[in-house]
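Presented below is the structure to which this report refers.
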Amino acid sequence: MQSFERFNWAESSPDEQLEMLRKASPRQLRSLARRYDWKTYPETVLSWIMSQRCIDLGTAVTVFFNGEPERFNYIPKRDLPKGFHRTVRVLDNILLRMNSGYYRSQVTKPLPIDDRLDWWMDNQAQDARERRRGRWEIEKSVLVQLETQSGMVVTECERDEPEQANLHSALRRSANPVRAFKQRMNMAARAS
Numbered sequence: 001m002q003s004f005e006r007f008n009w010a011e012s013s014p015d016e017q018l019e020m021l022r023k024a025s026p027r028q029l030r031s032l033a034r035r036y037d038w039k040t041y042p043e044t045v046l047s048w049i050m051s052q053r054c055i056d057l058g059t060a061v062t063v064f065f066n067g068e069p070e071r072f073n074y075i076p077k078r079d080l081p082k083g084f085h086r087t088v089r090v091l092d093n094i095l096l097r098m099n100s101g102y103y104r105s106q107v108t109k110p111l112p113i114d115d116r117l118d119w120w121m122d123n124q125a126q127d128a129r130e131r132r133r134g135r136w137e138i139e140k141s142v143l144v145q146l147e148t149q150s151g152m153v154v155t156e157c158e159r160d161e162p163e164q165a166n167l168h169s170a171l172r173r174s175a176n177p178v179r180a181f182k183q184r185m186n187m188a189a190r191a192s
């Protein structure tokens, strides 16, 4: 029997991959999900992985952005290029689960939140200001959960700096982009 670590994911069929996945530990499933190649079998394999209860919220966010949702966010369903319906369906399911609370935080492990989430939330806020919507919107409850999971605190800004300088200072010193994003939104609301 071939080991999980030596299994050839690139050259195996979806059925062979699923067979190997059913023997994997939760840690192995999360690790594979984060690095799975979306060009192979996302609907069959990633859908199965992402439906497992051991998948945490941080992994779900990473997998969602690995699927490059920005490519499809403003394309109506009927206008999707033919070969991408399955990819979009997987992205739909991941985001539905994220927003519904299906994926839980792993409090014992700090979450490295990447810049893609911050960028996405900036665009989502801009869309709201312009009264438009993309296909996928990440709920604020997801941000709260991610913030709790990361357990990091934004350094307080000096009070004598102008607001714009505070914003840049907070972002530079922030160990947590989610909190930095929220702080930026609060500062923008106060400025208007």
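Using UniProt numbering, read the sequence shown as starting at 1 and increasing by one per residue. Note that beta-carbon positions come from the ideal geometry of N, C-alpha and C, so glycine has one too.
| query | result |
| --- | --- |
| Cβ-Cβ separation, N93 to M50 (assumed contact under 8 Å), whole Å | 7 Å |
| contact_flag[the segment 134 to 146, the segment 115 to 123] where n(CB pairs < 8 Å) is 3 or more | yes |
| T40 and A10 closer than 9 Å at C-beta | yes |
| Close beta carbons around S47, own chain, < 7 Å, minus the five adjacent residues each side | V90 and N93 |
| Buried versus exposed call for L21 [16 or more other C-beta atoms within 10 Å across all chains shown] | buried |
| Nonlocal neighbours in the same chain, by C-beta distance under 7 Å from T148, ignoring five residues either side | S105 |
| Helix, strand or coil at R6 according to DSSP, with G and I counted as helix | coil |
| Candidates L29, P76, Q124 and T87, of which the one nearest N66 by Cα | T87 |
| Residue environment, P42, which counts as buried when at least 16 other CB atoms sit within 10 Å | buried |
| Rounded separation between G134 and G58 - CA only | 22 Å |
| Residue range of the unbroken alpha helix (DSSP H) whose run includes I49 | S47 to M50 |
| Contact belief for P14 with V45 at Cβ below 8 Å, rounded distance in angstroms | 6 Å |
| Buried or exposed (CB count within 10 angstroms, at least 16 for buried), P81 | exposed |
| 8 Å Cβ shell around L18 - same chain, five flanking residues per side excluded | T44, V45 and W48 |
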